[in-house]
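Enquirer: Protein chains in written order, with our numbering: chain A, 23 to 599; chain B, 23 to 599.
Backbone N, C-alpha and C fix where the C-beta goes; we use that ideal spot for every residue, glycine too.
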């Protein structure tokens, strides 16, 4: 391919709407173009990258006995009625009607379609286990698309669905898929991806993992133990708090705390420590609008995912009015209205002489002791883990909080979809049973952007050779010089004949600086510079985009050198697979 | 791949809702499953076929300098506002809104997205010509999906868009693409596809061609000359009629024709010939609901596409009420209301003493002579060509009407989209100009179904080897017999090592008849049968799905025989490319 013909424009200025580097570089490099809110077109450079990523994924899915299928993007709402998700999923599910007023949805995930496809096929235990996957477009009506290809509305995804006759069999397959995903990310050049335990959210099921690329620009918080191998998504991370408070129990006293509406105000006013205070965060149930109060230690935050799982239903931040059975700013567990559900967090357990709201405008209690003052208090884990917290595995105070981009996820779904959609098989004894499912996703575009985020410098992406748009870029400085052009042309031809993907920049009248800027933005791993100056010494310059190699090589040896360098770059990747 | 693991069930009974063979066979063979009205999932067998078709298309598009890109399935309505098609396209364009009430459409074609992608890139004449293509899902809200994958609502399509600075350059590229399409269809095993001139319809532009697979179950009518190379879609085919009527002109006479509402009634009543009658077909304009009457000779039909193009706007079948300026059943050109637009068809030219409506309830004229009785009558081509009609190229009465499936189309679009969307480039003199576009489509799933329609017998598809799901199927009869199983296993292994795609049926307890029925439904071109009986003579049976080969081959020579047969099947395909 000649660069002069490559469709997509490159430019210098960082676009104002790009908040992360990978997005800015991929816009500047002519990889993608915004079509609408969270909707992009891919230029040829990006399409070449995503095609390579898709091939890696396809090979690895085939290697774990996956069979590729294709589900539609547009699905009848009936299917989602069957699983109950037409009702239960929020606005991310785009619902609409066709010309005959039939209800349709844009598939944001394909569990329903997967069950629909195989439920007649897999009616006997002899058909199990099996896995089907597809690489297909999806649409998720995100409220806040951001960061280029990281959080979009329309995207290409590999999604896989496995079906089993026992939990053990699912777990065995889950482990294979777990390893397969590690191979995929390693082959794509980011072996540093880590897995974290995660909350299954709207997918249902219990055990699930996310594959996280750690980066400060990630939108997920990840809880990592610096000592052992504990890793979890913030939503799923268990919070352990040990309160070792000594001293006598004081008397429960109602004190006036005028104008103290926040826990900071109260603690300042009472000269008490936040770690001895009880903070209230109020929600309402989506079902009946009744109030749910989460009490956490003053210096902790509520983990809404854990709270929601505990409450067993959807919650939203409360709107407290004058009619509410709660006094905003003065809510505490002692004497709280019995119209309210409340939960005490583990961070409160073991505290003595706590400051808490008195459920009375302008008053708080001091000297609250849960075990003494409340009726059989129970403590639940509904708070977020903090930096330096206790690792639930090794018990050391070695918790560190990192940011990450989720590049893949795997779920043990159980029978949520097979039961709701009535997919059954006859077992060895002819008894009808529901198959157990797993599901496994990777977003292709997000993966490309994540690799760019992990591997770039200020000038452009540094693509791993396995997914790079081309393997080699030949830059012919002074293409108007016949001798230079001849050597560069020959290199281009010979390398292509040797099954090498070459991008050839033989543009005339382009300054070397501009040529190199373009090459940096395209991020091709091996660069060959042919120039009159080097040719005087019968040499070409060969460098790698990551700057680890920079050699002058005799023209006659250039092809062999490049082929062996290329081989080495592939081997470096495969070291981590 | 072992057949025992292949996902998708096969069965014997022809499904009641399948009107064409290919649909029935592809449902019976476990290729596809209906998800909703005109919406299908693809099982692994079909996915393997469509992937091969996509690869052929991709190679051929790359060979004519196409660059692969990807456009979104969901597009903002703004883009379609720019081209004017948000308004002008009918209900096939599915319009809906997202969570923030922004208007979106499901792309049924991507001209707007193509112009959007490149309009900043291609601002200088030096960037031209170029072509971009994608292979992507599309959705067209068809009123009447039918015939399985032939007419669906959601489908995978290769669509390509080329951009040029002159009509000559477009025409040169169009010719390259024309040939490229012929190569694609030949490589996919249907070199018999013919091109026909077509009407451009809602795409705009002038010259366009459709690639038609002739088959009685096709939904398009194609006009073919048996003598010369003239071929056109019925919508675009020019109708030539020569009326050689002798004799005197009779007097124009208004006669009573009670209860004669159709042209057949009138001719019977007046004992006149239909070929001497003037039939009226009435439409209304979508813009102002005014009436448009098409007059054709009694034995011809109106070609609505040509009529619409002549009228220059959308028309729909009229609803004639008592208030209308027309008398239903008695409409004729003489004395017709001047509130009505009417057109005379070429089939009326040269007639004498015609029978026509008198625009008066219960009366017709006889002896109507257009040149004498009407004021400067003009004749337009607004009728459908008939079997045995005159070829507009060679002038012989050799027109034949065939049925066909449209498997591809190519259009010269002109500047319809670049002008409306304001895409411009600076030419050599710095003058701003609109690029000229071409566009080129192939439906992947429809092509697969068409190949099946063209190549099947009563037992199943006969896939050309280039797109077959596997190249070879090994059937092990009596897999419970150790010796038989061993030979079959070895064949399976060895063939795979020799880069051959093998489907291996080693199911135990399946009768040979059932095994062969399954193999027939899967349509793999080469079949190897390993059975105890043949092995007694140290032989295996090798056949082709199309029955052209049926050989007993010694076990020791089987692999070589199969590889050479495979090679021959590929060569047979390439003979037509």
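Between residue 129 of chain B and residue 135 of chain B, which are expected to be in contact by the criterion C-beta below 8 Å, what is the C-beta distance as a whole number of angstroms?
Expert: Contact flag correct, Cβ pair sits at about 7 Å.
Enquirer: Do you know how far the Cα of residue 330 of chain B is from the Cα of residue 381 of chain B?
Expert: One C-alpha to the other measures close to 24 Å.
Enquirer: Based on the DSSP secondary-structure assignment, which residues constitute the bridge partners of residue 374 of chain A?
Expert: For residue 374 of chain A, which the question treats as bridged, DSSP gives no partner whatsoever.
Enquirer: What are the complete alpha helix (DSSP H) segments, minimum 4 residues, inside the region 34 to 118 of chain B?
Expert: DSSP runs (the alpha helix (DSSP H)) wholly in the region 34 to 118 of chain B: 43 to 50, 66 to 85, 99 to 105, 107 to 110.
Enquirer: Please report the distance separating the alpha-carbon of residue 376 of chain A from that of residue 354 of chain A.
Expert: Rounded to the nearest angstrom, the two C-alpha atoms are 10 Å apart.
Enquirer: Please decide whether residue 57 of chain A counts as near chain B, where near means a Cβ-Cβ distance under 8 Å.
Expert: Answer yes: the Cβ-Cβ gap between residue 57 of chain A and chain B drops below 8 Å somewhere.
Enquirer: So that I know if they touch, is there some Cβ in chain B lying closer than 8 Å to that of residue 69 of chain A?
Expert: So yes, residue 69 of chain A belongs to the interface.
Enquirer: If the cut is a Cβ gap below 9 Å, which residues of chain B does residue 138 of chain A touch?
Expert: Within 9 Å Cβ-Cβ: 55, 57, 63.
Enquirer: Do you know offhand how far residue 123 of chain A's Cα is from residue 99 of chain A's?
Expert: Their backbone Cα atoms lie some 11 Å apart in a straight line.
Enquirer: Given this structure, state the Cα-to-Cα distance separating residue 167 of chain B from residue 126 of chain B, to the nearest angstrom.
Expert: C-alpha separation (whole angstroms): 23 Å.
Enquirer: Using only alpha-carbon positions, find the residue among A:373, A:71, A:497, A:269 that is nearest to residue 318 of chain A.
Expert: Of the candidates A:373, A:71, A:497, A:269, the one whose C-alpha sits nearest the C-alpha of residue 318 of chain A is A:373.
Enquirer: The alpha helix (DSSP H) spanning residue 637 of chain A covers which residue range?
Expert: Here chain A covers residues 23 to 599 and nothing more, so residue 637 of chain A does not appear.
Enquirer: What residue from B:94, B:133, B:182 has the CA that sits closest to residue 106 of chain B's CA?
Expert: Looking at the Cα atoms, B:133 is the closest of the given residues.
Enquirer: Could you check whether the Cβ of residue 121 of chain A sits closer than 7 Å to any heavy atom belonging to the ligand MN?
Expert: As for the ligand MN, it is missing from this structure, which has no ligand bound.
Enquirer: List the whole-angstrom C-beta distance separating residue 508 of chain A from residue 501 of chain A, where the pair is believed to meet the contact cut-off of C-beta under 8 Å.
Expert: Residue 508 of chain A to residue 501 of chain A, Cβ: 10 Å. No contact.
Enquirer: Quick one: residues in its chain with C-beta nearer than 8 Å to the C-beta of residue 113 of chain B, no 5 flanking neighbours on either side, listed in chain order?
Expert: For residue 113 of chain B, where only same-chain residues beyond five positions count, the Cβ hits under 8 Å are 163, 165.
Enquirer: Considering only C-alpha positions, which residue in the set B:363, B:334, B:335, B:337 is nearest to residue 348 of chain B?
Expert: For the residues B:363, B:334, B:335, B:337, the minimum Cα distance to residue 348 of chain B belongs to B:363.
Enquirer: Buried or exposed: which applies to residue 224 of chain A, given that a residue is buried once 16 or more other Cβ atoms fall within 10 Å of its Cβ?
Expert: Note on residue 224 of chain A: pLDDT 46, under 50, position unreliable in the model; the coordinate value appears next. It is exposed - the Cβ of residue 224 of chain A has fewer than 16 other Cβ atoms within 10 Å.
Enquirer: If the cut-off is 9 Å on Cβ atoms, which residues from the region 25 to 36 of chain A count as contacting chain B, listed in chain order?
Expert: Cβ contacts with chain B: 26, 27, 28, 29, 30, 31.
Enquirer: According to DSSP, what are the bridge partners of residue 29 of chain A?
Expert: Looking at the DSSP assignment, residue 29 of chain A forms no beta bridge with any residue, so it has no partner.
Enquirer: Could you name the residues of the same chain whose beta carbon sits closer than 8 Å to that of residue 587 of chain B, not counting the 5 residues immediately before and after it, in chain order?
Expert: The answer, listed in chain order, is 548, 564, 566, 571.
Enquirer: With distances taken Cα to Cα, identify the nearest neighbour of residue 463 of chain B among B:102, B:157, B:119.
Expert: Among B:102, B:157, B:119, the Cα nearest to that of residue 463 of chain B is on B:157.
Enquirer: Run down chain B in chain order and give the residues with a C-beta less than 8 Å from the C-beta of residue 113 of chain A.
Expert: Those within 8 Å of residue 113 of chain A in chain B are 121.
Enquirer: Flag residue 392 of chain B as yes if its beta-carbon sits less than 8 Å from any beta-carbon of chain A, otherwise no.
Expert: Not one chain A Cβ lies under 8 Å of residue 392 of chain B.
Enquirer: Measure from the alpha carbon of residue 569 of chain A to the alpha carbon of each residue in A:514, A:481, A:510, A:183, then state which is nearest.
Expert: Out of A:514, A:481, A:510, A:183, A:481 has the C-alpha closest to the C-alpha of residue 569 of chain A.
Enquirer: Using a threshold of 8 Å, state whether the C-beta atoms of residue 218 of chain B and residue 429 of chain B are closer than that.
Expert: Cβ distance not < 8 Å, so residue 218 of chain B and residue 429 of chain B don't count as in contact.
Enquirer: Since residue 98 of chain A meets chain E, which of its residues come closer than 9 Å, beta carbon to beta carbon?
Expert: Reference to chain E is not applicable here, since the protein chains of this structure are A and B.
Enquirer: Rounding to the nearest angstrom, what Cα-Cα distance links residue 392 of chain B and residue 371 of chain B in this structure?
Expert: The alpha-carbon atoms of residue 392 of chain B and residue 371 of chain B are separated by roughly 8 Å.
Enquirer: With distances taken from CA atoms, which of A:436, A:543, A:552, A:599 is nearest residue 68 of chain A?
Expert: Nearest C-alpha to residue 68 of chain A: A:543.
Enquirer: Could you check whether the region 51 to 69 of chain B touches the region 83 to 95 of chain A, counting it as contact only if at least three pairs of C-beta atoms, one from each stretch, sit closer than 8 Å?
Expert: With the cut-off at 8 Å, the region 51 to 69 of chain B and the region 83 to 95 of chain A touch.
Enquirer: Does any C-beta atom of chain B lie closer than 8 Å to the C-beta of residue 124 of chain A?
Expert: Chain B contact via Cβ: present.
Enquirer: Rounded to whole angstroms, what is the Cα-Cα separation between residue 352 of chain A and residue 322 of chain A?
Expert: Distance between the alpha carbons of residue 352 of chain A and residue 322 of chain A is about 18 Å.
Enquirer: I want to verify the contact list: residues of chain A whose CB lies under 7 Å from the CB of residue 163 of chain B, in sequence order.
Expert: In chain order: 120, 121.
Enquirer: Going by the beta-carbon positions, is the gap between residue 183 of chain B and residue 154 of chain B smaller than 8 Å?
Expert: Result yes, Cβ atoms of residue 183 of chain B and residue 154 of chain B sit closer than 8 Å.
Enquirer: Would the beta-carbon of residue 314 of chain A fall within 8 Å of that of residue 333 of chain A?
Expert: Yes, the Cβ-Cβ distance between residue 314 of chain A and residue 333 of chain A is below 8 Å.
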